[in-house]
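Colleague: Dropping the structure in here first, questions after.
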Ligand code: CMP
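Residue numbers (my numbering): 426 to 564.
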């Protein structure tokens with residue numbers, strides 16, 4: 426089933442000039458980048474995006490990190506894109522990520538873990554709508 430997921434290439438990755446290498450892993454996995462924009466996330470955008478984690482001890486640190494430098498927001502499309510991208514990213518903690526995954530290859534630690542991907546198709550729709558309008562997505 427063709428579906429869409431939302432991805433963020435995080436500040437630790439843009440800082441090390443890894444956008445192209447991460448996009449190559451995404452495309453090699455059969456996912457299509459159907460929308461992409463480099464932005465500096467505002468404090469309000471980051472707080473809203475991560476509001477499900479508002480009660481977690483790392484929330485403040487997470488918002489600070491996500492606004493600390495440029496990010497690349499993306500919409501990825503493909504067969505079972507949500508699950509496929511989660512496979513390609515690897516575990517949240519890079520120490521537990523499988524070989525060949527983006528986080529195993531590039532992530533620094535559980536906070537600075539290079540990429541975000543939606544955890545469900547429902548959340549993907551909500552997250553995509555926070556950064557893209559329908560006409561900005563070209564499938
Ligand atoms: P992400 O997929 O962007 O969604 C929530 C983020 O919280 C997660 O990736 C991690 O980067 C971050 N995170 C999760 N656990 C921790 C932690 N223990 N300390 C700092 N950041 C964390």
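Glycine included, C-beta positions come from ideal geometry on N, C-alpha and C. Just so you know, these numbers come straight off a predicted model, no measurement behind them.
Per DSSP, residue 457 is paired with what?
Modeller: Stepping through the chain shown from its first residue, residue 457 is reached at position 32. 502, per the DSSP bridge assignment.
Colleague: Please report how far the alpha carbon of residue 488 lies from the alpha carbon of residue 515, in whole angstroms.
Modeller: Here residue 488 refers to the residue found at position 63 of the chain shown. Here residue 515 refers to the residue found at position 90 of the chain shown. The straight-line gap from Cα to Cα measures roughly 22 Å.
Colleague: Return the first residue and the last residue of the beta strand (DSSP E) that residue 431 is part of.
Modeller: Locating residue 431 in the chain shown gives position 6, where the first residue counts as 1. Segment 427 to 434, the beta strand (DSSP E) holding residue 431.
Colleague: Which residues mark the beginning and the end of the alpha helix (DSSP H) in which residue 488 is found?
Modeller: Numbered from 1 along the chain shown, position 63 holds the residue referred to as residue 488. Where residue 488 is concerned, the enclosing alpha helix (DSSP H) stretches over 484 to 491.
Colleague: Helix, strand or coil for residue 528? Go by DSSP, reduced to three states.
Modeller: To locate residue 528, count along the chain shown from 1; it is residue 103. DSSP places residue 528 in helix when its eight states are reduced to three.
Colleague: Considering only the alpha carbon of each residue, which of 539, 428, 527 and 434 lies closest to residue 462?
Modeller: For the purposes of this step, residue 462 is taken as residue 37 along the chain shown, with counting starting at 1. Comparing Cα positions, the closest option is 434.
Colleague: Between the alpha carbons of residue 483 and residue 476, how many angstroms are there, rounded?
Modeller: Here residue 483 corresponds to residue number 58 of the chain shown, with the count starting at 1. Here residue 476 corresponds to residue number 51 of the chain shown, with the count starting at 1. Cα to Cα, residue 483 sits roughly 12 Å from residue 476.
Colleague: Per DSSP, residue 542 is paired with what?
Modeller: For the purposes of this step, residue 542 is identified with residue 117 of the chain shown, where counting begins at 1. The partner list for residue 542 (beta bridge, DSSP) reads 432.
Colleague: Looking at the strands, I want to know which residues DSSP matches up with residue 497.
Modeller: Along the chain shown, read from residue 1 onward, the residue named residue 497 stands at position 72. Beta-bridge pairing links residue 497 to 434 and 463.
Colleague: What separation, rounded to the nearest whole angstrom, lies between the Cα atoms of residue 494 and residue 437?
Modeller: For the purposes of this step, residue 494 is taken as the residue at position 69 of the chain shown. For the purposes of this step, residue 437 is taken as the residue at position 12 of the chain shown. For residue 494 and residue 437, the distance between alpha carbons rounds to 8 Å.
Colleague: Got a sec: does the ligand CMP put a non-hydrogen atom nearer than 7 Å to the Cβ of residue 487?
Modeller: Translated into the one-based positions of the chain shown, residue 487 becomes position 62. Yes - the ligand CMP has a heavy atom lying nearer than 7 Å to the Cβ of residue 487.
Colleague: If you follow the alpha helix (DSSP H) that residue 470 is part of, which residue opens it and which one closes it?
Modeller: Taking the first residue of the chain shown as 1, we reach residue 470 at position 45. Start and end: 468 to 474.
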